[in-house]
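*Asks:* Pasting in a structure now, in structure tokens, and then I'll have a few things to ask.
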Amino acid sequence: MANIPDYNIDELDARQNIIIKGARVHNLKNLSVALPRNQFIVITGLSGSGKSSLAFDTLYAEGQRMYVESLSSYARQFLGRMDKPDVDYIKGISPAIAIEQKVSIKNNRSTVGTSTEIYDYLKLLYARIGKTYSPVSGEVVQKDSVADVVDFIFSLEDEARVMILAPLHQHTDRSLAKELDLLLQKGYSRIYANGQVYFIEELLEEKKPKLGKEVYILVDRAVIYKSDEDLQFRIADSIQTAFFEGHGECRVIFGEEERVFSDRFELDGVVFEEPSVNFFSFNNPYGACQTCEGFGSVLGIDPDLVIPDKSLTVYEGAIAPWRSDKMNEWLQPLVKNGIRFDFPIHRPYNELTEAEQELLWTGNKFFEGLNDFFKHIQGQTHKIQYRVMLSRYRGRTTCPECRGSRLRKDASYVKVNGKSITDLVLMPLTQVLPFFRNIELTQHERNVAERLVTEVANRLSYLERVGLGYLTLNRLSNTLSGGESQRINLATSLGSALVGSMYILDEPSIGLHPKDSEQLIGVLRTLQQLGNTVIVVEHEEEMMKAADQLIDIGPEAGSGGGNLMFQGTFEEMTRSTDTYTAKYLSGRMEVPVPLQRRKWRNAIEITGARENNLKNLNVKFPLGVMTVITGVSGSGKSTLIKKILYPAMQKLHGSTAEATGKFDKLGGDYGKIDHVEFVDQNPIGKSSRSNPVTYVKAYDAIRTLYADQPLAKSRGFKPSHFSFNIEGGRCEVCQGEGQVKIEMQFMADIYLTCESCHGHRFKQDVLDIKYKEKSISEVLNMTLADSIDFFADQVKISERLKPLDDVGLGYIRLGQSSNTLSGGEAQRVKLASFLTKGATSHHENILFIFDEPSTGLHFHDISKLLTSMNALIENGNTVVIIEHNMDIIKCADWIIDLGPEGGTNGGHLLFEGTPEEMVKLEDNDTARFLKGKV
1 MANIPDYNID
11 ELDARQNIII
21 KGARVHNLKN
31 LSVALPRNQF
41 IVITGLSGSG
51 KSSLAFDTLY
61 AEGQRMYVES
71 LSSYARQFLG
81 RMDKPDVDYI
91 KGISPAIAIE
101 QKVSIKNNRS
111 TVGTSTEIYD
121 YLKLLYARIG
131 KTYSPVSGEV
141 VQKDSVADVV
151 DFIFSLEDEA
161 RVMILAPLHQ
171 HTDRSLAKEL
181 DLLLQKGYSR
191 IYANGQVYFI
201 EELLEEKKPK
211 LGKEVYILVD
221 RAVIYKSDED
231 LQFRIADSIQ
241 TAFFEGHGEC
251 RVIFGEEERV
261 FSDRFELDGV
271 VFEEPSVNFF
281 SFNNPYGACQ
291 TCEGFGSVLG
301 IDPDLVIPDK
311 SLTVYEGAIA
321 PWRSDKMNEW
331 LQPLVKNGIR
341 FDFPIHRPYN
351 ELTEAEQELL
361 WTGNKFFEGL
371 NDFFKHIQGQ
381 THKIQYRVML
391 SRYRGRTTCP
401 ECRGSRLRKD
411 ASYVKVNGKS
421 ITDLVLMPLT
431 QVLPFFRNIE
441 LTQHERNVAE
451 RLVTEVANRL
461 SYLERVGLGY
471 LTLNRLSNTL
481 SGGESQRINL
491 ATSLGSALVG
501 SMYILDEPSI
511 GLHPKDSEQL
521 IGVLRTLQQL
531 GNTVIVVEHE
541 EEMMKAADQL
551 IDIGPEAGSG
561 GGNLMFQGTF
571 EEMTRSTDTY
581 TAKYLSGRME
591 VPVPLQRRKW
601 RNAIEITGAR
611 ENNLKNLNVK
621 FPLGVMTVIT
631 GVSGSGKSTL
641 IKKILYPAMQ
651 KLHGSTAEAT
661 GKFDKLGGDY
671 GKIDHVEFVD
681 QNPIGKSSRS
691 NPVTYVKAYD
701 AIRTLYADQP
711 LAKSRGFKPS
721 HFSFNIEGGR
731 CEVCQGEGQV
741 KIEMQFMADI
751 YLTCESCHGH
761 RFKQDVLDIK
771 YKEKSISEVL
781 NMTLADSIDF
791 FADQVKISER
801 LKPLDDVGLG
811 YIRLGQSSNT
821 LSGGEAQRVK
831 LASFLTKGAT
841 SHHENILFIF
851 DEPSTGLHFH
861 DISKLLTSMN
871 ALIENGNTVV
881 IIEHNMDIIK
891 CADWIIDLGP
901 EGGTNGGHLL
911 FEGTPEEMVK
921 LEDNDTARFL
931 KGKV
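For the sequence shown, the UniProt record's numbering gives the first residue as 1, with consecutive numbering after it.
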């Protein structure tokens, strides 16, 4: 039976505990539990057992609701009524902060730097203490203020004689005499030229005064006494006047020497912009790069599309646009004259030097290069065939002007300690952090910027501690995985250092190698030691070991879950109970290791992969087996698969995916693959109407079944009446959604149950139609596992639903909106759609790529997932998985391990082979954790 501490929930003190009594949200069965305050608590259990219902839909929802209740009635009117979670009471709740896995950022201007606020501090830092260096001479650009000149003059010894001069700028259509006359009217009486002083009145009496080219207005002259304060004011006033008359220039003569001051920000004949916060903002037209408008990439000619197969020679047709008969005339001069400038037309493109590759683009006097060719094509775009041709070679490329940093070019002239802001945003965080820790500042700079430097260094160190040191500040937020964006939110929370709060995290270990999980646990401990309650929904064994308290929800998933099965320490868990979690932790159950590894003969080969941090790798991906790509976070796994293998295979099958990363050649038996499927964690549908049952095409059969019922026929209902997507049978108030969305001006949108249909989604006369005593709305509310039993006699329906159960999704409801599914669940719905009969039959050999399919899965569900993966392979397909989960890695037929570290120290191929060979390795991080499993 369940192991639960012996406490009376009604008698506990809400100052020491967060007390939940009688929670009935989703599948929770009247669950009561007390969470001790200021502890590190892990909630675990099968996927779909009710962990998130307890943590997010009960605790966090109540925390949010209480926050809204605390606002003024004016603010509350915009927030509508937030429904109270279905629970008897919750006592002792703290302000709640939820950190989820969703990548919610759609904005393609948001970067790691802006979302962590580090970039805001950097902009301030560079605007305040940045020095501008001239790109011509490398000297510091400075402008002199009135105070600088006054300080200089009063630094001379007492009784020094000085003259303050301003250069005379003669107007083009005025004679010198007229200019001198004007000066006299302004109140000046002397000028300085040829090294001596002249009275203006005397010069005007002469017919043609000979003064030479350089003429200065004598603004003031004085004998300096440092103690004379009135003199200081007079001199300051004169310098101000000299700057005005001299258009920003002022000359001081003292004794035999002189010195020129300028209040213009210029050097080497170039006028520079003075640094300000907007000068470094790529979201502001003033600071954004003019070429790419602050996006970092431009629509240009994609070199990978122009030269798709880099193993071909120029003679063999490496340059794709010049292969046709008409365009061959551009290639002929190069082929004929190549010998004259020693160009190797018979050497493969990837063996040419950089200079030779560049020459193909620039051309020379013997032939016109690709740049001229595309200029010519652009000039012909009034003809349709040229427009089509141009579009074939267009792609997003890094902006050449700003190197992808999105800032105007002259922003890179401003430096702090020898580095510009452009340099910093393009460096991995592991290199930026030492820069801020060892920064050398003058006393004045330290007074101005010390606080900023401390803030930046703190935030960077948190990002490094949560295992994200390999990212750059320039990395787009919407390209991060769910796990990465969650850890960025976690680091941001640490940066704000709240106390007395309740942090609720959804599987923060996603995307982390077990080695990095150790660091993450340290970060969560820090949060807890500040005085917060940290509640983590997690399946990772290391996390469970580190917890002060483990709470296990179960015993099964879906309608079979929702009970408190265990509460206590890790040791107590392994000793006593009979939940699935306990069985796997104690070793009484385990994910079985395959008895033998599949053998393979054919493989896809990638040669010379060097995108991001990859160090010129040559890798083989075996066909017809399960290959797992492993390595620490940031070692280059996603780059190898998502940036190189997947787009390269896509382009072979005529689909223009995003730009392919840098590599030399795709070789091996890639011709044996008919189709590529990348099964990622993006939502299965953008709209709230899409749901699992429509995605696997089972809903059509269910609608037909209901339309065939006698009552439906007598009322003249068609299958379309049972659709919530079109008018007819659906409730028109909520348009078949079952809930109404209330848009919040300054908070996340809130969904409330529709008051017309009470969440049933259909009109009453449609709900009257029953099959086995259940209406269409009740069927949509069933869990998958229950619906398979319900439709057991309807083969057409149960066949399509079964794969969803096979991948471990038996607990989700048929009509559950896809935007409520986690990344891992969405990925498994996609997997199920390939497992449905006939889905893979028209493509014989499919290459399936999975990105961390173990996300959100309990040990028990991983076995189910592996069975489904193996089913794909039995059908003749190939499976490639990016994964950190040791239970999946130990079941691989082939492992490719990258490392040894993340970021610049990663990108090396450390190992290729079977798990049995891998565990023999000595100093390999993945092997160290795999040893206990194989």
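For each residue, glycine too, the CB sits at the ideal point set by N, CA and C. On a predicted model such as this, the values are computed, not experimentally measured, just so you know.
Find the nearest neighbour of Lys365 within the set Leu231, Asn337, Ala603 and Cys757, judged by alpha-carbon distance.
*Replies:* Taking the sequence shown and counting its residues from 1, the one referred to as residue 365 is at position 365. With distances taken between Cα atoms, Lys365 lies closest to Asn337.
*Asks:* Go ahead and label Thr792 buried or exposed: buried means 16 or more other beta carbons lie within 10 angstroms of its beta carbon, across all protein chains shown.
*Replies:* For the purposes of this step, residue 792 is taken as the residue at position 792 of the sequence shown. For the record, residue 792 in the displayed sequence is Ala; it is not Thr. Its Cβ having fewer than 16 others within 10 Å, Ala792 is exposed.
*Asks:* Which residue spans inside the stretch 274-336 form an unbroken alpha helix (DSSP H) run of at least 4?
*Replies:* 303-306
*Asks:* Residue range of the beta strand (DSSP E) that Gly246 falls in?
*Replies:* Here residue 246 corresponds to residue number 246 of the sequence shown, with the count starting at 1. No beta strand (DSSP E) holds Gly246; DSSP gives it neither H nor E.
*Asks:* Taking 7 Å as the limit between beta carbons, can you name the residues of its chain near Asn278, skipping five residues before and five after?
*Replies:* For this step, residue 278 is matched to residue 278 along the sequence shown. The residues are Asn284, Tyr286 and Gly287.
*Asks:* Does Lys665 pass the burial test, meaning 16 or more other C-beta atoms within 10 Å, or should it be called exposed?
*Replies:* By one-based count along the sequence shown, residue 665 stands at place 665. Buried is the call here.
*Asks:* Rounding to the nearest angstrom, what Cα-Cα distance links Ser137 and Val414 in this structure?
*Replies:* In the sequence shown, counting from the first residue as 1, residue 137 sits at position 137. In the sequence shown, counting from the first residue as 1, residue 414 sits at position 414. C-alpha separation (whole angstroms): 14 Å.
*Asks:* Between the beta-carbon of Thr533 and the beta-carbon of Ser822, is there less than 8 Å?
*Replies:* Within the sequence shown, residue 533 is the residue found at index 533, counting from 1. Within the sequence shown, residue 822 is the residue found at index 822, counting from 1. It is not a contact, given that the beta carbons lie outside the stated cut-off.
*Asks:* Under DSSP, the alpha helix (DSSP H) around Thr114 begins and ends at which residues?
*Replies:* Within the sequence shown, the letter at position 114 stands for residue 114. Val112 to Ser115 is the span of the alpha helix (DSSP H), which, as asked, contains Thr114.
*Asks:* Would Ile488 and Leu498 qualify as a contact pair, given that the criterion is a beta-carbon distance under 8 Å?
*Replies:* For the purposes of this step, residue 488 is taken as the residue at position 488 of the sequence shown. For the purposes of this step, residue 498 is taken as the residue at position 498 of the sequence shown. Going by C-beta atoms, Ile488 is not nearer than 8 Å to Leu498.
*Asks:* Only counting the same chain, and skipping five residues up and downstream in sequence, which positions put a Cβ closer than 7 Å to that of Met1?
*Replies:* The sequence position of residue 1 within the sequence shown is 1, counting from 1. Reliability of the predicted coordinates at Met1 is poor, the pLDDT of 49 falling under 50, and no value is obtained from them.
*Asks:* Decide yes or no for the touch test of the stretch 879-886 against the stretch 66-76: beta carbon pairs closer than 8 Å, at least 3 of them.
*Replies:* In short, these stretches do not touch, since the Cβ pair count stays below three.
*Asks:* Is Gln519 near Gln101, with beta carbons less than 8 Å apart?
*Replies:* Taking the sequence shown and counting its residues from 1, one reaches residue 519 at position 519. Taking the sequence shown and counting its residues from 1, one reaches residue 101 at position 101. No, these two residues do not count as a Cβ contact at 8 Å.
*Asks:* Buried or exposed, going by whether 16 or more other CB atoms sit within 10 Å of the CB of Thr381?
*Replies:* As a working note, residue 381 is residue 381 in the sequence shown. That one is exposed.
*Asks:* Alpha helix (DSSP H) containing Tyr695: first to last residue?
*Replies:* Start at 1 with the first residue of the sequence shown, and residue 695 comes out as number 695. Tyr695 -> alpha helix (DSSP H) spans Pro692 to Tyr695.
*Asks:* So is Glu69 buried or exposed if we call it buried at 16+ other beta carbons inside 10 Å?
*Replies:* Here the question's residue 69 lines up with position 69 in the sequence shown. Exposed, since its Cβ has fewer than 16 Cβ neighbours within 10 Å.
*Asks:* Provide the residue(s) that pair with Pro167 in DSSP beta bridges, ordered along the chain.
*Replies:* Taking the sequence shown and counting its residues from 1, one reaches residue 167 at position 167. DSSP output for Pro167 lists Tyr216 as bridge partner(s).
*Asks:* Output needed for Arg259: all residues of its chain with C-beta closer than 8 Å, excluding positions within five of it in sequence on either side, in chain order.
*Replies:* Within the sequence shown, residue 259 is the residue found at index 259, counting from 1. So the list reads Phe152, Arg251 and Val252, once near-sequence residues are dropped.
*Asks:* What residue range does the alpha helix (DSSP H) around Asn17 cover?
*Replies:* On the sequence shown, position 17 is the one that residue 17 refers to. Premise fails: Asn17 lies in the beta strand (DSSP E), Asn17 to Ala23, not in any alpha helix (DSSP H).
*Asks:* Is it the case that the Cβ atoms of Trp894 and Thr627 are separated by a distance below 8 Å?
*Replies:* For the purposes of this step, residue 894 is identified with residue 894 of the sequence shown, where counting begins at 1. For the purposes of this step, residue 627 is identified with residue 627 of the sequence shown, where counting begins at 1. Yes, they are a contact pair.
*Asks:* Could you give the residue range of the alpha helix (DSSP H) that holds Lys91?
*Replies:* For the purposes of this step, residue 91 is taken as residue 91 along the sequence shown, with counting starting at 1. It is not in any alpha helix (DSSP H) - Lys91 instead sits in the beta strand (DSSP E) that spans Tyr89 to Lys91.
*Asks:* Rounded to a whole number of angstroms, what is the C-alpha to C-alpha distance between Asp789 and Ile521?
*Replies:* Position 789 of the sequence shown, counted from the first residue, corresponds to residue 789. Position 521 of the sequence shown, counted from the first residue, corresponds to residue 521. Distance between the alpha carbons of Asp789 and Ile521 is about 42 Å.
*Asks:* With H, G and I counted as helix, E and B as strand and the rest as coil, what does DSSP make of Glu540?
*Replies:* Residue mapping note: residue 540 aligns to position 540 of the sequence shown, counting from 1. Glu540: coil per DSSP, three-state reduction.
*Asks:* Leaving out the 5 sequence neighbours to the left and right, which residues in its chain are closer than 6 Å to Arg598 when beta-carbon positions are compared?
*Replies:* Residue mapping note: residue 598 aligns to position 598 of the sequence shown, counting from 1. The answer, listed in chain order, is Val625 and Asp893.
*Asks:* Going by the DSSP bridge assignment, what does Ile97 pair with across the sheet?
*Replies:* Residue numbering aside, residue 97 sits at position 97 when the sequence shown is read from its first letter. Ile97 pairs with Tyr503.
*Asks:* Quick check: the stretch 455-467 against the stretch 139-148, are at least 3 beta-carbon pairs closer than 8 Å?
*Replies:* Under the Cβ criterion (8 Å, minimum of three pairs), the stretch 139-148 does not count as touching the stretch 455-467.
*Asks:* Would you check if the distance between the CB atom of Leu165 and the CB atom of Leu204 is smaller than 8 Å?
*Replies:* In the sequence shown, residue 165 corresponds to position 165, counting from 1. In the sequence shown, residue 204 corresponds to position 204, counting from 1. Not in contact: Leu165 and Leu204 (Cβ atoms no closer than 8 Å).
*Asks:* Is the beta carbon of Asp863 sitting closer than 8 Å to the one on Val593?
*Replies:* Locating residue 863 in the sequence shown gives position 863, where the first residue counts as 1. Locating residue 593 in the sequence shown gives position 593, where the first residue counts as 1. Strictly speaking, residue 863 in this sequence is Ser, with Asp absent from that position. The answer is no: Cβ separation not under 8 Å.
*Asks:* Please work out which residues of its chain come closer than 8 Å, Cβ to Cβ, to Lys409, disregarding the five sequence neighbours upstream and downstream, and give them in chain order.
*Replies:* Here residue 409 refers to the residue found at position 409 of the sequence shown. Counting only Cβ-Cβ distances below 8 Å, and skipping sequence neighbours, we find Cys289, Glu401 and Cys402.
*Asks:* Contact between the stretch 698-705 and the stretch 679-689: three or more CB pairs below 8 Å?
*Replies:* no
*Asks:* Leaving out five residues on either side along the sequence, give the residues of the same chain with a beta carbon under 6 Å from the beta carbon of Val829.
*Replies:* Taking the first residue of the sequence shown as 1, we reach residue 829 at position 829. Counting only Cβ-Cβ distances below 6 Å, and skipping sequence neighbours, we find Ile684, Pro692 and Tyr695.
*Asks:* In whole angstroms, give me the CA-to-CA distance for Ile20 and Tyr60.
*Replies:* In the sequence shown, residue 20 corresponds to position 20, counting from 1. In the sequence shown, residue 60 corresponds to position 60, counting from 1. Cα-Cα distance, rounded: 12 Å.
*Asks:* Under a Cβ-count criterion, where at least 16 other Cβ atoms within 10 Å of its own Cβ denotes burial, should Gln827 be classed as buried or exposed?
*Replies:* The residue given as residue 827 occupies position 827 in the sequence shown. It counts as buried.
*Asks:* Could you tell me how far apart the beta carbons of Asn616 and Thr639 are, in whole angstroms, since I believe they sit closer than 8 Å?
*Replies:* Walking along the sequence shown from the start, residue 616 turns up at place 616. Walking along the sequence shown from the start, residue 639 turns up at place 639. A Cβ-Cβ distance of about 13 Å is found for the pair Asn616 and Thr639, leaving them out of contact under the 8 Å criterion.
*Asks:* With C-beta atoms as the reference, is Gly45 less than 8 Å away from Asn27?
*Replies:* Locating residue 45 in the sequence shown gives position 45, where the first residue counts as 1. Locating residue 27 in the sequence shown gives position 27, where the first residue counts as 1. No; because the gap between Cβ atoms is not below 8 Å, this pair is not in contact.
*Asks:* Can you tell me which of the three DSSP states Tyr7 falls into?
*Replies:* Position 7 of the sequence shown, counted from the first residue, corresponds to residue 7. Note: Tyr7 maps to coil in three-state DSSP.
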